[in-house]
Amino acid sequence: MLKKESKMKYFYPIVMIFFIIGCGSETKQKSISTLSTFKDSTSYALGADLGSNLKQQGVEIDYDVFMAGITDAMLDGDLVKLDQKQRRSVMASLQQSIRDKAKEEGETNLLKADEFLDKNKADNSDVKETPTGLQYRVLREGDGDSPVAEDRVKVHYAGKLIDGTEFDSSYERGDPTEFGLNQVIKGWTEGLQLMKVGAKYEFFIHPNIAYGARPRPTIPANSVLIFEVELLDIVTKK
4 MLKKESKMKY
14 FYPIVMIFFI
24 IGCGSETKQK
34 SISTLSTFKD
44 STSYALGADL
54 GSNLKQQGVE
64 IDYDVFMAGI
74 TDAMLDGDLV
84 KLDQKQRRSV
94 MASLQQSIRD
104 KAKEEGETNL
114 LKADEFLDKN
124 KADNSDVKET
134 PTGLQYRVLR
144 EGDGDSPVAE
154 DRVKVHYAGK
164 LIDGTEFDSS
174 YERGDPTEFG
184 LNQVIKGWTE
194 GLQLMKVGAK
204 YEFFIHPNIA
214 YGARPRPTIP
224 ANSVLIFEVE
234 LLDIVTKK
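My numbering numbers the first residue of the sequence shown as 4 and each following residue consecutively.
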């Protein structure tokens, strides 16, 4: 769970609107069962990324009107029904709407996070809590060394939200993950240092030591993250 976030998030939609169609209305008639050329692959990749971005931000569009806007702009600029000033105004309103919605969802999720963790601690005697609010359960103790924040470790893990939705799993990929402990969210940096090689823990990570109010593609803002983590090895020790 790396901290680094893409700086392209808001750049992609702008670029894609200009490149999503290479042949105007002809695209509607073209089969996409196969992508036989680089142009096909580029067009489809840009379209898929744009669609994913819009979905992630909760933007609802009328597909036919959306396509008409692209076609009008690419085939004949004089056909565009909104001038540049009007388009900027619409986009500013859209961005504000996205921010307002994200803020509201984040505030709701933060309340849910606090309620979940309070109940989790009260209902489960085997769940421990650190001063930072990290909750954990020992599933299996290890007998090796414990890492420090500067170490590089190898782990197997599965992550899910409080509703049970799994958002990431090295088990699913069939391949353990390696990373530096100072490259991940605070909850992981702290939690892995509690473990010894060979141990398996379950972490319940408050958003304050996870991604906070910053949503990820598969993780809503202010989400509690639940991980089962196996510490397989300390790859590089300080």
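Even for Gly, the Cβ is constructed at its ideal location relative to N, Cα and C. A quick note: this is a predicted structure, and the numbers were derived from the prediction, not measured.
* Report the rounded CA-to-CA distance for T135 versus K189, giving the unit in angstroms. => Walking along the sequence shown from the start, residue 135 turns up at place 132. Walking along the sequence shown from the start, residue 189 turns up at place 186. About 10 angstroms.
> Just checking my contact of H159 with E233 at CB under 8 angstroms: how many whole Å lie between their CB atoms?
Replying inline: In the sequence shown, the residue the question calls residue 159 occupies position 156. In the sequence shown, the residue the question calls residue 233 occupies position 230. Indeed they touch by this definition, with Cβ atoms about 4 angstroms apart.
Worksheet item: Do S128 and M198 have their C-beta atoms within less than 8 angstroms of each other?
Response: Sequence index remark: in the sequence shown, residue 128 carries index 125 (1-based). Sequence index remark: in the sequence shown, residue 198 carries index 195 (1-based). Contact: no.
### Task
In angstroms with no decimal places, state the Cα-to-Cα distance between D236 and G201.
Numbered from its first residue, the sequence shown carries residue 236 at position 233. Numbered from its first residue, the sequence shown carries residue 201 at position 198. C-alpha separation (whole angstroms): 8 angstroms.
Q.
Assuming the contact rule is C-beta atoms closer than 8 angstroms, K124 and E118 should be a hit. Round their C-beta distance to whole Å, please.
A. Residue mapping note: residue 124 aligns to position 121 of the sequence shown, counting from 1. Residue mapping note: residue 118 aligns to position 115 of the sequence shown, counting from 1. In fact, because the Cβ distance is near 11 angstroms, the residues do not count as touching under 8 angstroms.
Spatial neighbours of S173 within its chain, please: C-beta separation below 8 angstroms, excluding the five flanking residues on both sides. Numbered from 1 along the sequence shown, position 170 holds the residue referred to as residue 173. Only V158, H159, Y160, A161, P179, T180 meet the Cβ criterion.
Is it a yes or a no for the region 85-104 touching the region 203-219, going by three-plus beta-carbon pairs under 8 angstroms? At 8 angstroms Cβ cutoff, the stretches do not touch.
For the candidate residues Y204, G167, L184, whose alpha-carbon lies nearest to that of V227?
What you label residue 227 is simply residue 224 of the sequence shown in a count that begins at 1. Ranking Y204, G167, L184 by Cα distance to V227 puts G167 first.
I208 bridges to which residues according to DSSP? Translated into the one-based positions of the sequence shown, residue 208 becomes position 205. The secondary-structure analysis by DSSP pairs I208 across a beta bridge with L228.
**Prompt:** Is the beta carbon of L137 sitting closer than 8 angstroms to the one on I208?
**Reply:** Translated into positions along the sequence shown, residue 137 becomes position 134. Translated into positions along the sequence shown, residue 208 becomes position 205. Yes, Cβ-Cβ distance for L137 and I208 is below 8 angstroms.
Report yes if the C-beta of K124 is less than 7 angstroms from at least one heavy atom of the ligand HEM; otherwise report no. Annotation note on the ligand HEM: not contained in the displayed structure, which lists no ligands.
Task: Residue interval of the beta strand (DSSP E) (run including Y66) - done: Numbered from 1 along the sequence shown, position 63 holds the residue referred to as residue 66. In this chain, Y66 is not harboured by any beta strand (DSSP E); it is covered by the alpha helix (DSSP H) spanning 66-78.
* Asked: When the distance is taken between beta carbons, is R140 closer than 8 angstroms to E193?
  -> Indexing the sequence shown from 1 puts residue 193 at position 190. Indexing the sequence shown from 1 puts residue 140 at position 137. For E193 and R140, no; Cβs fall outside 8 angstroms.
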